[in-house]
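One structure is given here, and the rest of the page talks about it.
Chains as they are written, first to last, in my numbering: chain F, 952 to 1254; chain C, 70 to 286.
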């Protein structure tokens, strides 16, 4: 194993909070504000890690374990995910499924912890989170199936590594559909704006943020870092798909991918600034629409 | 000028407009989608390039794009404005279920396209006949499941688009006179239906088809 295999996971672990910082600065730019520093999340994490945690007497070990298990699962996912041509640290046939199920496991324990707290408000958020994730999961699986079919491999690294300029020329239509579907999944899974608002903590339409209301101190730091990692994971899937730079030279690949990630962060910031959040009842329409796009892409690819 | 990937892009656009039609409650968006569908479907004869005479194909393209892409949407938008309706409020079948129905219609059409014995091999890609058939089914679905009279007209135009794509796929060179005649018929039909919808909205203050059986006296 050479040192270049470490590049993708290291970039994810170090730069994920910065990705959120770029999104926030873009949103601040649109709002006409100066905005928080780019490295704000690093400062927040440092502050939270130095604090103590308070636990309610009604809660059990699940509340303490939830954030840790969630972060651990996401860190294992980071080892699997390639950054464009740079393959992940761990790769084997079938890691596509491990990828999807580790994400589900992280969500499962977040939901359990939210239910264990005993607040009815968090239970509501948990039920919404589970409902919407049942709608996004088929989209994710179908999109990954398209990539796997086109590369004839069941490994995430080789499936994304096989997306080149020629494959865009040959199967452009189905790749465009997969791109749109993955972008919607990326927005939905990370509680970004058309589906959920990451900034509101006390509104009735929010989904993800409500589940973590009762966590504090190091637990909250784990959750915040975990959600930054999750955003990075999905963003690197999207960027790896649309930016078919596969030079084989590790640092050229890394540079172009990081540039692409920065651009995607700005694009996400623009989407969040220019769109209104959908009404909760309209969200399933968007998610099912994304599923149909992914199905169409699969039909086109398999045909 | 035979571009399989370009034809595929056109067909995928047609399928996407179908999905948008079924998933959207705003009638204005539906009309724009039908117009877009008419334009991209109208381009097919030039892309296929099986005509001995390219001038004929271009004439057909100009005619169908002008009528389906410009005249129909303008006419329907005008009726919509006069009727003062902007949304399909409560369709008989919900939007998500309609989307899933469209996907199953696509699956069914693909299966049918692979098993059906056609009089001659379809031109272009193998996707042509299935997409045409899907579009016909989606048009029928719109006609059956939507409440507003203007949606029925939209569904009729979608069916017409589907038959057009199916026809282009199956028969290499339809005589231009026949094609233009069909186009003319569709034009007159949509024109008359537009007038009828306008009159209904004038008389009854609504264009809900399920309430039309109570229109006597």
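Beta carbons are placed, not taken as given, at the ideal position from N, Cα and C, and that holds for glycine.
> Once you ignore the five residues that flank residue 174 (chain C) on each side, which residues in its own chain have a CB closer than 6 angstroms to its CB?
Replying inline: 203, 206
> Among residues of its own chain, excluding the 5 on either side of residue 1217 (chain F), which ones have a beta-carbon nearer than 7 angstroms to its beta-carbon?
Replying inline: 973, 977
>> From the DSSP secondary-structure annotation, give me the bridge partner or partners of residue 1037 (chain F).
In response: F:1034
> Under the three-state reduction of DSSP, which class applies to residue 1230 (chain F): helix, strand or coil?
Replying inline: coil
> If you draw a straight line from the alpha carbon of residue 1187 (chain F) to that of residue 1245 (chain F), how long is it in whole angstroms?
Replying inline: 18 angstroms
>> Any beta carbon of chain F sitting closer than 8 angstroms to that of residue 74 (chain C)?
In response: yes
> Any idea what DSSP makes of residue 137 (chain C), helix, strand or coil?
Replying inline: helix
>> Taking only three categories from DSSP, how would you classify residue 1289 (chain F)?
In response: Summary: the structure shown does not reach residue 1289 (chain F), with chain F confined to residues 952 through 1254, and so no result is reported for it.
> So what's residue 254 (chain C) in DSSP terms, helix, strand or just coil?
Replying inline: helix
> How long is the line joining the alpha carbons of residue 968 (chain F) and residue 1035 (chain F), rounded to whole angstroms?
Replying inline: 20 angstroms
> Using a C-beta to C-beta distance shorter than 9 angstroms, which residues of chain C count as neighbours of residue 1247 (chain F)?
Replying inline: 81, 84, 85, 88, 172, 175
> residue 1192 (chain F) and residue 1207 (chain F): beta carbons closer than 8 angstroms?
Replying inline: no
> So what does DSSP say about residue 271 (chain C), is it helix, strand or coil?
Replying inline: helix
>> If the criterion is Cβ atoms closer than 8 angstroms, does the pair residue 133 (chain C) and residue 107 (chain C) meet it?
In response: yes
> Residues of chain C with CB under 7 angstroms from residue 1124 (chain F), in chain order?
Replying inline: 77, 78, 81
> Under the three-state reduction of DSSP, which class applies to residue 277 (chain C): helix, strand or coil?
Replying inline: strand
>> By alpha-carbon positions, which one of F:1071, F:1139, F:1074, F:1049 ends up nearest to residue 1086 (chain F)?
In response: F:1139
> On the three-state DSSP scale, how would you describe residue 1002 (chain F)?
Replying inline: coil
>> Measuring straight from C-alpha to C-alpha, what distance separates residue 112 (chain C) and residue 130 (chain C)?
In response: 6 angstroms
> Residues bridged to residue 156 (chain C) by DSSP?
Replying inline: C:95
> Relative to the alpha-carbon of residue 80 (chain C), which residue among F:1166, F:1125, F:1009, F:1209 has its alpha-carbon at the smallest distance?
Replying inline: F:1125
> For residue 144 (chain C), does the count of other Cβ atoms within 10 angstroms reach 16, so buried, or fall short, so exposed?
Replying inline: buried
> residue 1070 (chain F): which of F:995, F:1161, F:1117 sits nearest, CA to CA?
Replying inline: F:1161
>> Buried or exposed, going by whether 16 or more other CB atoms sit within 10 Å of the CB of residue 142 (chain C)?
In response: buried
> What whole-angstrom Cβ distance do residue 216 (chain C) and residue 160 (chain C) have, given they're in contact under 8 angstroms?
Replying inline: 6 angstroms
>> Classify residue 197 (chain C): buried if its beta carbon has 16 or more other beta carbons within 10 angstroms, exposed otherwise.
In response: buried
>> List, from N- to C-terminal side, the beta strand (DSSP E) runs of 3 residues or more that fit wholly inside the stretch 1165-1234 of chain F.
In response: none
> Looking at chain F, which residues of the stretch 206-224 of chain C have a Cβ within less than 7 angstroms of any of its Cβ atoms?
Replying inline: none
> Would you call the stretch 1122-1136 of chain F and the stretch 1055-1070 of chain F touching, i.e. three or more CB-CB distances under 8 angstroms?
Replying inline: no
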